[in-house]
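**Student:**
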Amino acid sequence: MKKALFLGLLAIGLVGISTAQQKKQPAKQPQKQAAKEEVRVTPEEVRQVLLSGFEQDPKFLWKIEQDESQRICSQYPSMEDMPPQAVQKVIELENKNIKYPQWGIYWGDWKEGKKLVESARGGRFASYGFSDRPTDRGGNCYACHLIEKGVPGGTMGPSLAGYGKRYEITKENMNTPESLEKLKTVYKIIYNGWHAFPCSSMPRFGYHGVLSPEEVMNIATYLLHPESPVNK
Amino acid sequence: MNRRKFLLLSAVAVAGLTFAPAIKPAFAASKLEEEIKKRLGVELSAIKETAEIKLTAPTIAESGANVPITVEANIPADKVERLWIFVDKNPIPWVTDVKFTPQNGQVFLSTRIKMGETSNVRAILQLKDGTFVMATKEVKVTAGGCG
Amino acid sequence: MATGTAILRVPKEAQKGQVVRVQMVITHPMTPPRRDPQTGQETPGYFLTKLQLFHNDQLVSEMNMAAGISANPFIALPLKADSSGVIKIAYEDNRGGKWERTAEITVK
Amino acid sequence: MRKILLTSAVFGLACAGFLGYQAVKAQDQELSPEEEIRLVQEFNRMIAEGINPGEIWAEIGKEAFKKYNLDKCDFGLGPGKVEGALAQLPRYFPDAKRVMDLETRIGWCLQQYAGMTPEQVKKFVQQCWGKSQCMGEYDAIVMYVSMASNGQKFNVNLKDPQVKRMYEIGKQIYYARLGPWDFNCATCHAGQKEVRIRATRLWSADRPGEAGQAVSIFPKYLVRWAQPMTMHYRYSECMRQMRWPGFEPHSDLAVALSTFLYGTANGTEIKVPGIGR
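Residue numbers (the working numbering), protein chains in the order written: chain A, 132 to 363; chain B, 10 to 156; chain C, 415 to 522; chain D, 46 to 322.
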C-alpha cells in the first residue's frame, strides 16, 4: 500500500518536475538554457542512471524513490533560490507529515535522548564489513551540531549548546503551558524540520521513521531539560 | 568576625587557591611519572623545560591514529645520548626512544604517533652528562567525519 | 603484500659534511596488545620493536618503539654525509620478522 | 574554631574550583569553530609532509598491472599507456560503447584481458572495503595508474556530447535529495559558508577550485584505516553515510558522478596520492 503510494507520488512528481523545469528555466537562466540546448537530459534518464548504481536488493531500493518534497527540493541547488510558491508547497506538505506520541507532548527521558544523539549508527545498513545493524538507532547529531560542552561537533547546523537555557526553561517553569509549547516546537523540528525550514539539510527523522515519536520526544527532552548536560 | 579569625580564614582560602591547581596536574600525570622514573631513572619534576628543543605537533589533531610530530634540537648531537617521546595520557605513555651518535650530525626526528585522547606530548633529551631537558606540547584530539 | 615492505628515501647526492634526512615508510600494522573486556583474554600486539640506521655498516642511530607509533610508520632521521656509500635500515618486529633496505648516496 | 576552619576550607576549595573552571572555560572558548577549522587544516598539511604510505601501493600496482594483462588496456591514449591517462578521463570508449572513468575502464579491461567475470571484478574491487590495513591489488593498480598522471592537469572533453550528457546527469544526481535521511551530495559539499562535519572541513562545489582540489588527490591514503581509498570507494562511503542503498562500483552512476566532478576539476593539477584522516 505504502509502496503504491510512493510510486503514485513518483509518477505525479516526475510529470511535475519536468513541467516545472521547463517553465522555470527560460525565465531564470536564459543563457545557461541556451548552452544546454545541445544536451538534454530527461528525468527518466537520470532515474535509470541512478538505478544502475545500486545493488538491486528490494530491501533497500525503495530508499531512492523520492517523495514530492524531495523532488521539489532537488530542483534548487540553493535554498535561497527557491521561489515562494515552492517554499509554501513544501511547508504545506510537511505540516501534514507530523505525528505526535500517543500521550501527546510530555517530558521524556533525557538519558535515552542522549544515547540517540550520540549514536552515529542509526539508519545505515549492514554492508561490506562495517558492523552496523539495521536495528541500530540514532540521529548522529554531533556530525552537524555542537551540543554538550567539550564534545567535538560539526558546524553545518546551529550550535545547540545550552539550548534549554536559551528557551529559558527552568525546573520551576518546565510544566507550564508555555514551556510545553516550546518542547512541542523542538519536537516538531526534529520530527520534521521541513515544516518550518523547507529543504533544510536536516533529515526529517520522524517522518521517515528513522526515529519513533517517543525517541524524538526523548531527544527534545535531552536538549531542553534543565537537568540535561546540554544545559549545565 | 574578629581579626584573628579573619586572618586564619583568608590564609586557608589562599592555601586552597595556590594548592588546588598544583594538585590536579600532578595527580593526572602519575602514570607518566612512574613510566619516566622506570625508564629514565629520574623524577619528572627534575626535568627542566628548554627552548633549545623545538617540538612541532598539531594543536588539534583530526585523528588520534596519526599525529605528526617533529623534534629538532639546537644541542649538538655529540652531547646527546637519547631522545625520548612520551604521551601523558596514553595507556603506555612511552612511545619511542632514539639513540643518537655524532654521525647523525644533528638531533632530529620526525614520525607519526598514536594518541588516545587530548594530552601533552613530551620530547625529553637525555644528555651525555646524565641530565635531562624537555619540550612539551599539548595536542587536542578530536573526531572527524560522519561517524 | 607483505608486511615489512618499505620505501627508503635519501638524497642521491650531498655535500661533504651536510646533514641529510633519511626518510622511510615501512608497512606494518603496529597493532597494540588487546584484552577482551568480556573474556579477559589477551591478544598479543603486532608491531615493530627496533629500527637501526647504518652508514657503510657503521651504526648511526637506533630507535626502539612499540604500538605507540602509527600504522605504516613514517620516520625521518638525520645523517651527516661525510662519505659516499650505502645507507641501510634494518628493522624487526615482535614476531621475529627482520628486514633490511638500502639506498646509495654520493658525497661530493 | 573548627567550624571556621571548615568553612574557610570549603571557601578556599570553592574558589580554587571556580578558578579551575574559569581556566578550562577560557581554554575552550579561546578557539572559535573557524579557528579550529584552520588548525585542523594545519594538521592536514603536517601529515602531508614526508613520504605518503600510499606510494607503497603504486609499487605493488606496477606488478599487478602486468600480472592482469592490463598492458593491453587502452585508457584512451593507446594500449598500456598510463602516463596522462587519468587527466583525460572520463571519456567515451567505442569498444565498450560507454563513457567510462578510470576505475570503470580498469574493470572493463579486467574482464577483457584477465578473464574475470563481472562478479569477480566486483569482488576484486571491494576486496578492502570496510577493512583497515588491507593491501588490495585493485587499489594498488588504481594507485599506480593514477600516479602516472601526476603533474598533469585534468582535461575532460566536455565538448563530446556523450561525455557532456553524463556530466549533466551527474550534476542532477549531485543535487537529487534521496533516501530516508533526505541527503544529496550538496547537503555537505555545496554552499559558500565554510562548515565542518565533526572536526572535518567539508569542501564545496560552490567555492572555486575546491572540487578540483578534492578529486585531484584520489586515490587518497587514509590514516584512520591505514590504506588508500579509491574514488569509487569514496562514492560508496558517502552513499552509505547518506543512508542510500548499496553502491555498485563501475556503474553508470559512478561514471556520471566522476564526469561531473572531474569535468568541474578541469585545469587542476593531479597530485596523487593525497593523505587525510
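Glycine included, each C-beta is placed from N, C-alpha and C at the ideal position.
Classify residue 316 (chain D) as helix, strand or coil using the three-state DSSP reduction.
**Tutor:** Taking the fourth sequence and counting its residues from 1, the one referred to as residue 316 (chain D) is at position 271. The three-state reading of DSSP puts residue 316 (chain D) in coil, since its state is none of H, G, I, E or B.
**Student:** Within the continuous beta strand (DSSP E) that includes residue 91 (chain B), where are the two ends?
**Tutor:** Along the second sequence, one-based indexing puts residue 91 (chain B) at 82. Residue 91 (chain B) -> beta strand (DSSP E) spans 89-96.
**Student:** Using 8 Å as the limit for Cβ to Cβ distance, is residue 273 (chain A) near chain D?
**Tutor:** By 1-based counting over the first sequence, the position of residue 273 (chain A) is 142. A Cβ of chain D is located within less than 8 Å of the beta carbon of residue 273 (chain A).
**Student:** What three-state label does DSSP hand residue 117 (chain B) in the structure shown?
**Tutor:** Along the second sequence, one-based indexing puts residue 117 (chain B) at 108. Residue state, collapsed to three classes: strand.
**Student:** Measuring alpha carbon to alpha carbon, tell me which residue in B:88, B:86, B:102 is nearest residue 49 (chain B).
**Tutor:** Counted from its first residue, the second sequence places residue 49 (chain B) at position 40. Minimum Cα distance to residue 49 (chain B) is reached at B:102.
**Student:** Measure the alpha-carbon distance for residue 422 (chain C) versus residue 520 (chain C) and round it to whole angstroms.
**Tutor:** Counted from its first residue, the third sequence places residue 422 (chain C) at position 8. Counted from its first residue, the third sequence places residue 520 (chain C) at position 106. The straight-line gap separating the alpha-carbon atoms of residue 422 (chain C) and residue 520 (chain C) is approximately 16 Å.
**Student:** Identify whether residue 139 (chain B) lies in helix, strand or coil by the three-state DSSP scheme.
**Tutor:** Residue numbering aside, residue 139 (chain B) sits at position 130 when the second sequence is read from its first letter. Residue 139 (chain B): coil per DSSP, three-state reduction.
**Student:** Under the three-state reduction of DSSP, which class applies to residue 156 (chain D): helix, strand or coil?
**Tutor:** Position 111 of the fourth sequence, counting from 1, holds the residue named residue 156 (chain D). The answer is helix: DSSP assigns residue 156 (chain D) an H, G or I state.
**Student:** Should residue 33 (chain B) be labelled buried (16 or more other beta-carbon atoms within 10 Å of its own) or exposed?
**Tutor:** Sequence index remark: in the second sequence, residue 33 (chain B) carries index 24 (1-based). With a pLDDT of only 46 at residue 33 (chain B), under the threshold of 50, the placement of this residue in the model should not be trusted; the figure read from the coordinates follows. When all chains shown are included, residue 33 (chain B) counts as exposed.
**Student:** So, helix, strand or coil for residue 128 (chain B), using DSSP?
**Tutor:** Position 119 of the second sequence, counted from the first residue, corresponds to residue 128 (chain B). Three-state DSSP puts residue 128 (chain B) in a strand.
**Student:** Which residues in the same chain as residue 356 (chain A) place their Cβ atom closer than 8 Å to its Cβ, once the five residues preceding and following it in sequence are excluded?
**Tutor:** The residue labelled residue 356 (chain A) in the question sits at position 225 within the first sequence. The answer, listed in chain order, is 238, 241, 295, 300, 305, 362.
**Student:** Would you say residue 98 (chain D) reaches chain C, if we count a Cβ-Cβ gap shorter than 8 Å as a contact?
**Tutor:** Reading the fourth sequence from its first residue, position 53 is the one you call residue 98 (chain D). Interface residue, yes.
**Student:** For residue 261 (chain A), return the contacting residues in chain F, with the cut-off set at a CB-CB distance below 8 Å.
**Tutor:** No chain F appears in the structure shown, which is made up of the protein chains A, B, C and D.
**Student:** Step through the CB atoms of chain A and report whether any lies within less than 8 Å of the CB of residue 304 (chain D).
**Tutor:** As a first step, residue 304 (chain D) must be located in the fourth sequence, where it is residue number 259. For residue 304 (chain D), not one C-beta of chain A is nearer than 8 Å to its own C-beta.
**Student:** Quick one: grab the DSSP three-state call for residue 55 (chain B).
**Tutor:** Locating residue 55 (chain B) in the second sequence gives position 46, counting from the first residue. In the structure shown, the three-state DSSP call for residue 55 (chain B) is helix.
**Student:** Since residue 463 (chain C) is in the beta strand (DSSP E), which residue starts that stretch and which ends it?
**Tutor:** Within the third sequence, the letter at position 49 stands for residue 463 (chain C). That run of the beta strand (DSSP E) goes 462-469.
**Student:** Are the C-beta atoms of residue 292 (chain A) and some chain B residue less than 8 Å apart?
**Tutor:** The count along the first sequence starts at 1 and reaches residue 292 (chain A) at position 161. So no, residue 292 (chain A) is outside the interface.
**Student:** Could you pull out every residue in the same chain whose Cβ sits closer than 7 Å to the Cβ of residue 435 (chain C), ignoring the five residues on either side in sequence?
**Tutor:** Your numbering for residue 435 (chain C) matches position 21 in the third sequence. Contacts found: 490, 492.
**Student:** Closest Cβ-Cβ distance between residue 178 (chain D) and chain C: below 8 Å?
**Tutor:** Taking the first residue of the fourth sequence as position 1, residue 178 (chain D) is located at position 133. Chain C contact via Cβ: present.
**Student:** Taking the runs of the alpha helix (DSSP H) that are 4 residues or longer, which of them lie wholly in the region 79-146 of chain D?
**Tutor:** 100-112
**Student:** Closer than 7 Å by beta-carbon distance: list the chain A residues that pair up with residue 152 (chain B), in chain order.
**Tutor:** Position 143 of the second sequence holds residue 152 (chain B). Under the 7 Å cutoff, chain A gives 283.
**Student:** Three Cβ pairs or more, each shorter than 8 Å: is that satisfied between the region 260-275 of chain A and the region 424-431 of chain C?
**Tutor:** At 8 Å Cβ cutoff, the stretches do not touch.
**Student:** Going straight from the alpha carbon of residue 148 (chain B) to that of residue 142 (chain D), what length do you get?
**Tutor:** Numbered from its first residue, the second sequence carries residue 148 (chain B) at position 139. Numbered from its first residue, the fourth sequence carries residue 142 (chain D) at position 97. So the two alpha carbons sit approximately 53 Å from each other.
**Student:** Counting contacts by CB-CB distance shorter than 8 Å, is residue 327 (chain A) in contact with chain B?
**Tutor:** Here the question's residue 327 (chain A) lines up with position 196 in the first sequence. So no, residue 327 (chain A) is outside the interface.
**Student:** Provide the residue(s) that pair with residue 507 (chain C) in DSSP beta bridges, ordered along the chain.
**Tutor:** Position 93 of the third sequence, counted from the first residue, corresponds to residue 507 (chain C). According to DSSP, which records beta bridges pairwise, residue 507 (chain C) is partnered with C:462.
**Student:** If you measure from the beta carbon of residue 184 (chain A) to each beta carbon in chain D, is any gap under 8 Å?
**Tutor:** Here the question's residue 184 (chain A) lines up with position 53 in the first sequence. So yes, residue 184 (chain A) belongs to the interface.
**Student:** Given this structure, state the Cα-to-Cα distance separating residue 283 (chain A) from residue 151 (chain B), to the nearest angstrom.
**Tutor:** Within the first sequence, the letter at position 152 stands for residue 283 (chain A). Within the second sequence, the letter at position 142 stands for residue 151 (chain B). Going from the Cα of residue 283 (chain A) to the Cα of residue 151 (chain B) covers about 6 Å.
**Student:** Are any of the Cβ atoms in chain C nearer than 8 Å to that of residue 97 (chain B)?
**Tutor:** Translated into the one-based positions of the second sequence, residue 97 (chain B) becomes position 88. False, the Cβ-Cβ gap to chain C never drops below 8 Å.
**Student:** Ignoring anything shorter than 4 residues or poking outside the region 282-344 of chain A, list the alpha helix (DSSP H) runs there in chain order.
**Tutor:** 294-297, 308-322
**Student:** Going by other Cβ atoms of all chains shown within 10 Å of its Cβ, with 16 needed for buried, is residue 174 (chain D) buried or exposed?
**Tutor:** As a working mapping, residue 174 (chain D) is identified with position 129 in the fourth sequence. Classification of residue 174 (chain D): buried, given that the 10 Å Cβ count is 16 or more.
**Student:** Does residue 188 (chain D) come out as helix, strand or coil in the three-state DSSP assignment?
**Tutor:** In the fourth sequence, counting from the first residue as 1, residue 188 (chain D) sits at position 143. Helix at residue 188 (chain D).
**Student:** Against chain B, which members of the region 432-446 of chain C pass a CB distance test of less than 7 Å?
**Tutor:** 433
**Student:** How close, in whole Å, do the beta carbons of residue 447 (chain C) and residue 456 (chain C) come, if the pair is a contact with beta carbons under 8 Å?
**Tutor:** Taking the first residue of the third sequence as 1, we reach residue 447 (chain C) at position 33. Taking the first residue of the third sequence as 1, we reach residue 456 (chain C) at position 42. The pair is a contact, with the Cβ atoms about 6 Å apart (cut-off 8 Å).
**Student:** Look at the alpha carbon of residue 249 (chain A) and the alpha carbon of residue 191 (chain A), and state the distance between them as a whole number of angstroms.
**Tutor:** Residue 249 (chain A) sits at position 118 when you count from the first residue of the first sequence. Residue 191 (chain A) sits at position 60 when you count from the first residue of the first sequence. If I take the Cα positions, the gap works out to 25 Å.
**Student:** Which first and last residues belong to the beta strand (DSSP E) in which residue 105 (chain B) is found?
**Tutor:** Start at 1 with the first residue of the second sequence, and residue 105 (chain B) comes out as number 96. Taken as a continuous stretch (DSSP letters only), the beta strand (DSSP E) holding residue 105 (chain B) covers 103-108.
**Student:** Please identify the residue among B:65, B:83, B:51, B:153 whose C-alpha is closest to the C-alpha of residue 130 (chain B).
**Tutor:** If you number the second sequence from 1, residue 130 (chain B) lands on position 121. When each option's Cα is compared against that of residue 130 (chain B), the closest is B:65.
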